[in-house]
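Residue numbers (the working numbering), protein chains in the order written: chain H, 6 to 244; chain D, 17 to 272. C-beta: ideal position from N, C-alpha, C; glycine also.
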Amino acid sequence: MKEAVADRESPVAATAANTRSRHWLVVFFGSTVGKKVVMALTGAVGVGFILLHVSLNLLVYAGPATINGADKFLKSTGGWLWLARAILLGAVVLHIVTAYQLSRMSLGSRPVKYQQWEPVGSTFASRTMRWSGVLLALFIPLHVLHLATGALHPHFVPENVYRNVVSGFRVWYISVLYIFAMCLLALHLYHGAWSMFQSLGFNHPRYAGWIRPVATTFTIVVVLGFISIPVAVLLGAIS
Amino acid sequence: MNLTLHIWRQKNTRSPGRFVRYEATSVEREMSFLEMLDQLNEKLLIQREEPIAFDSDCREGICGTCGMMINGVAHGPRRGATVCQLHMRYFRDGDVLRLEPWRDKAFPVIRDLVVDRRSLDDIIQAGGFISARTGSAPEANSIPVPKSSADLAMDAAACIGCGACVAACPNGSAALFTGAKISHLALMPPGQPERARRVIHMVTAMDQAGFGNCTMHRECEAVCPKEISVSFIAQMNREYLRANFKEREVVAPTAG
């Protein structure tokens, strides 16, 4: 048994050399904890964006004038809109790149898999974060090309958001795709909107008990808000 | 009761392993899981077969030496207990059990169910010393500690380093272990002088050992024999941020 655990390089010396020779920011962003901070902060940007997105979407129920007016207002901000888009795009890219790096570490950490492994603490949402993330990353460009630029929309009318939403969702399989994507978003948010607080170290007993119910409520409200629109179009409530 | 066991047999780190089927007969309800294996090993010795290697020491749930996967759950079906404190009354006659060693890149199998957990020691070692006065014991009231801090530090210090958190984690992460070790010293006055460098060195050592990273599955918390909370992982993250962005101590390591 002795030779199996042969002497290795002193871990203390290796760690010390590793932290001494590199810039502290390289050490920080190179560490798993630093990368989780990146995931949490970029995820928080996404959470903020989603909240704004669903709020604006719900204006569809107030009629064409309101939602088209909101669209016109956003586009009139010019440079600010592009700044917001740049921040958002940057956050998405960082979120994906960091998720890839972290996933590689985790997937590589168990070269011999268990023959049997039973979940006793995790949730379906937590175990499918990588799947929901990858599928959402595929959905988002399709969605932008469909309802924002109109490249994938056969009846796209520029500057008429209301018309585009109604004519887009009248196609039943498009609506089904959107509803499916929003279910993936629900899974991703259910875990992410809670765990980002853990990654940032926010768990003071005063509010720690609120994070789970608030994240769950947020997920349900946001996703039902999104899903309600294709459903309303298909049922003819919006036309 | 009689049980069917599928046990992982592996000669050494380099050789491939496989599951071998064994029948454990006349098992008493009062036996611990390890005593059941002892009984099986005695039978194997009489048959001139190689006994099953597994780790154990205190056999009273406080040393952290024992541990294995039983039907895909670290330390088996009983919550808040190591495998030595898991008694056979938790099983039924005719049960089929699969025994696997902890599996992680940082935990190479030494033999059968025994793994090398020195990577956990490496994390502790990377944390280094604490500044404490040696010699005679100081006057007990000279260092005031709030009761809440003492309690929380004790909760973290309950970690026995068994490695179940790593074994149960789908990411193979040692965040609960490292978080508990960082937290218990960060919460107490003697841990303050090296607080910043300790967290940076321990997290670096954790990453170097080849563990995965925490995605908050909470599998670790569920199997931990000491029921250590994932809030200590949040504390580790907080300590790491604090060391980088708030602490004025120059984080230049002196350990060599």
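| Asked | Found |
| --- | --- |
| What does the Cβ neighbour count give for ASN187(D), buried or exposed, with the cut at 16 atoms within 10 Å? | buried |
| Suppose contacts are defined by Cβ-Cβ distances below 8 Å. Is ILE126(D) in contact with ALA221(D) by that definition? | no |
| May I have a chain-ordered list of the alpha helix (DSSP H) segments no shorter than 4 residues that lie completely inside the stretch 159-224 of chain H? | 166-174, 177-204 |
| Counting contacts by CB-CB distance shorter than 8 Å, is SER1(H) in contact with chain D? | It is not possible to answer for residue 1(H), since the shown part of chain H is limited to 6 through 244. |
| Suppose only complete runs of 3+ residues qualify. What are the beta strand (DSSP E) ranges in the stretch 110-170 of chain D, listed by chain order? | 112-116, 125-127 |
| Assuming VAL38(H) and VAL219(D) make a contact with CB atoms under 8 Å, what is their CB distance in whole Å? | 5 Å |
| Restricting to Cα atoms, I'd like to know which of ALA225(D), ALA202(D), SER247(D) is closest to SER165(D). | ALA202(D) |
| Give the residues from the stretch 113-124 of chain D that approach chain H closer than 8 Å (Cβ to any Cβ), ordered along the chain. | ARG114, GLU116, ARG119, ASP120, LYS121, ALA122, PRO124 |
| When we look at the beta-carbon of ASN157(D) and count the other beta-carbons within 10 Å, is it buried (16 or more) or exposed? | exposed |
| Assuming LEU113(D) contacts ILE86(D) (C-beta within less than 8 Å), just tell me the rounded distance between them. | 6 Å |
| What does a CB cutoff of less than 6 Å around LEU50(D) pick up in its chain, not counting 5 residues either side in sequence? | SER72, CYS100 |
| Verify the contact flag: SER137(H), CB atom, against every heavy atom of the ligand ATP, threshold strictly below 7 Å. | No copy of the ligand ATP appears in this structure; indeed no ligand is present at all. |
| For PHE12(D) and SER189(D), what's the separation of their Cα atoms in angstroms? | Absent from the structure is residue 12(D), since the part of chain D shown begins at 17 and ends at 272. |
| Just checking: is the beta-carbon of MET313(D) within a distance shorter than 8 Å of some beta-carbon in chain H? | Past the boundaries of the shown model lies residue 313(D); chain D is included only from 17 to 272, so the question cannot be answered. |
| MET110(H) touches chain D at which residues, Cβ-Cβ below 7 Å? | GLY228, ASN229 |
| Just mark LEU190(H) as buried or exposed, buried being the case when its beta carbon has 16 or more other beta carbons within 10 Å. | buried |
| Look at LYS118(H) and CYS230(D) and say whether their C-beta atoms are less than 8 Å apart. | no |
| Which residues in the same chain as VAL50(H) place their Cβ atom closer than 6 Å to its Cβ, once the five residues preceding and following it in sequence are excluded? | ALA96 |
| In chain order, what residues of the same chain lie with their CB nearer than 6 Å to the CB of MET187(H), ignoring the 5 residues before and after it? | VAL228, PHE231, ILE232 |
| Exposed or buried, which one is MET6(H) when buried takes at least 16 other CB atoms within 10 Å? | Since pLDDT at MET6(H) reaches only 40, below the 50 mark, its modelled position is unreliable, and the value read off the structure follows with that caveat. Flag for MET6(H) reads exposed. |
| Please classify ILE86(D): does DSSP put it in a helix, a strand, or coil? | strand |
| On the DSSP letters alone, give me the boundaries of the alpha helix (DSSP H) that TRP87(H) sits inside. | 84-113 |
| For ASP223(D), go through chain H and note every residue whose CB falls closer than 7 Å to its CB, in chain order. | SER36, THR37 |
| Is it the case that the Cβ atoms of GLU39(D) and MET84(D) are separated by a distance below 8 Å? | no |
| Report yes or no: do three or more beta-carbon pairs, one from the stretch 160-177 of chain D and one from the stretch 237-247 of chain D, lie closer than 8 Å? | yes |
| Could you spell out the range, first to last residue, of the beta strand (DSSP E) harbouring HIS22(D)? | 19-25 |
| What residues in its chain sit with their C-beta under 6 Å from that of PHE202(H), if we drop five residues either side in the sequence? | ILE216 |
| Scan the stretch 165-244 of chain D and note each continuous alpha helix (DSSP H) run of 4 residues or more that stays entirely inside, going in chain order. | 180-184, 191-202, 211-224, 235-239 |
| Would you say ARG211(H) faces chain D, with C-beta separation under 8 Å as the test? | no |
| With a threshold of 7 Å on Cβ separation, who are the neighbours of ALA213(H) within its own chain once the five nearest residues in sequence on each side are excluded? | none |
| State the Cα-Cα distance for the pair ALA34(D) and ASP171(D), rounded to the nearest angstrom. | The sequence given here places Arg at residue 34(D); Ala does not occur at that position. Between ARG34(D) and ASP171(D), the C-alpha separation is close to 38 Å. |
| Any Cβ of chain H within less than 8 Å of the Cβ of HIS91(D)? | no |
| Of the choices LEU152(H), SER204(H), ARG27(H), ILE92(H), whose alpha-carbon is the least far from that of PHE174(H)? | LEU152(H) |
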